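The block underneath contains the structure these notes are about, expressed in structure tokens.
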Amino acid sequence: DTGVSQNPRHKITKRGQNVTFRCDPISEHNRLYWYRQTLGQGPEFLTYFQNEAQLEKSRLLSDRFSAERPKGSFSTLEIQRTEQGDSAMYLCASSSAGSLYEQYFGPGTRLTVT
Amino acid sequence: QKEVEQDPGPLSVPEGAIVSLNCTYSNSAFQYFMWYRQYSRKGPELLMYTYSSGNKEDGRFTAQVDKSSKYISLFIRDSQPSDSATYLCAILGRDDKIIFGKGTRLHILP
């Protein structure tokens, strides 16, 4: 399968703990995006990378959130000191720079903060 | 006004019917319009994209953009129970970011 993969698929954590999610994009795609989706809403943009450079971060991304893409391949999204409001589906997508409208999504990581 | 507005539904139609899903958007500068399908607890799947105005057809699916009224539509012909999902309209907005509607939940009744 050469699609976007995400791990873990589900994560349950206690408030105040740190969590880290991983995304492996489609191999030839140089753009990688993170989104957050809550029940009844569409995905909301969090941040994106072109190769290893993080080009933009949404205002939604508080300083407890950090994302990296160290070698321009996989990416990690870390949430420190989780809060109940962080409970959501975290989606990763990738695209090529020449087809920004064709973003392909992974299955998501569902985070539950108790 | 939100940049993309979409009625969340749910919308229930009998199998075989034609389904019409719609969104409105606010910025006339937008040029790329997409439809995604999302099954429960899965990531969104790109169905179709359209550039500027006009129609685009792919099998039972037709996407339509009317830039004069800032209205985008997805039509599904001969709807099947497997089409039951949430359909998200989306636009490529400023700074190369995709902006999604809330999604419309569609139920096809056998």
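Keeping their order, the protein sequence lines are chains A and U. Going by the working numbering, the first sequence opens with residue 1338, and the numbers climb by one from there. Going by the working numbering, the second sequence opens with residue 55, and the numbers climb by one from there. We put the CB at the ideal spot given by N, CA and C, even for glycine. The structure displayed is predicted, hence computed values, not measured ones.
Take the alpha-carbon of Y1427 (chain A) and the one of Q1378 (chain A): they are about 13 angstroms apart. With respect to the 9 angstroms criterion, E1415 (chain A) and N1344 (chain A) are not classified as neighbours on the basis of their beta carbons. Non-local C-beta neighbours of A1434 (chain A) in its own chain, meaning closer than 7 angstroms and more than five positions away in sequence, comprise N1367, R1368, Q1387, ordered along the chain. According to the DSSP secondary-structure assignment, L128 (chain U) is paired through a beta bridge with U:L75, U:A117. Interface flag for G1435 (chain A) against chain U is unset, since no Cβ pair is found closer than 9 angstroms. In the DSSP annotation of this structure, the continuous segment of the beta strand (DSSP E) that includes P68 (chain U) starts and ends at 65–68. Listed in chain order, the non-local C-beta contacts of F1411 (chain A) below 8 angstroms within the same chain comprise R1359, C1360, D1361, P1362, local neighbours out to five positions each way being set aside.
The beta carbon of A1390 (chain A) sits no closer than 9 angstroms to any beta carbon of chain U. At the C-beta level, T1350 (chain A) and T1449 (chain A) come within 9 angstroms of one another. Straight-line spacing of the CA atoms in L160 (chain U) and G70 (chain U) works out to 14 angstroms. With respect to the C-alpha of Y1370 (chain A), the residue from A:T1339, A:L1398, A:T1451 having the closest C-alpha is A:L1398. If you draw a 10 Å sphere on the C-beta of Y141 (chain U), you find 16 or more other C-beta atoms in it, and that means buried. In terms of beta-carbon proximity, V1341 (chain A) lines the interface with chain U, with at least one pair separated by less than 9 angstroms.
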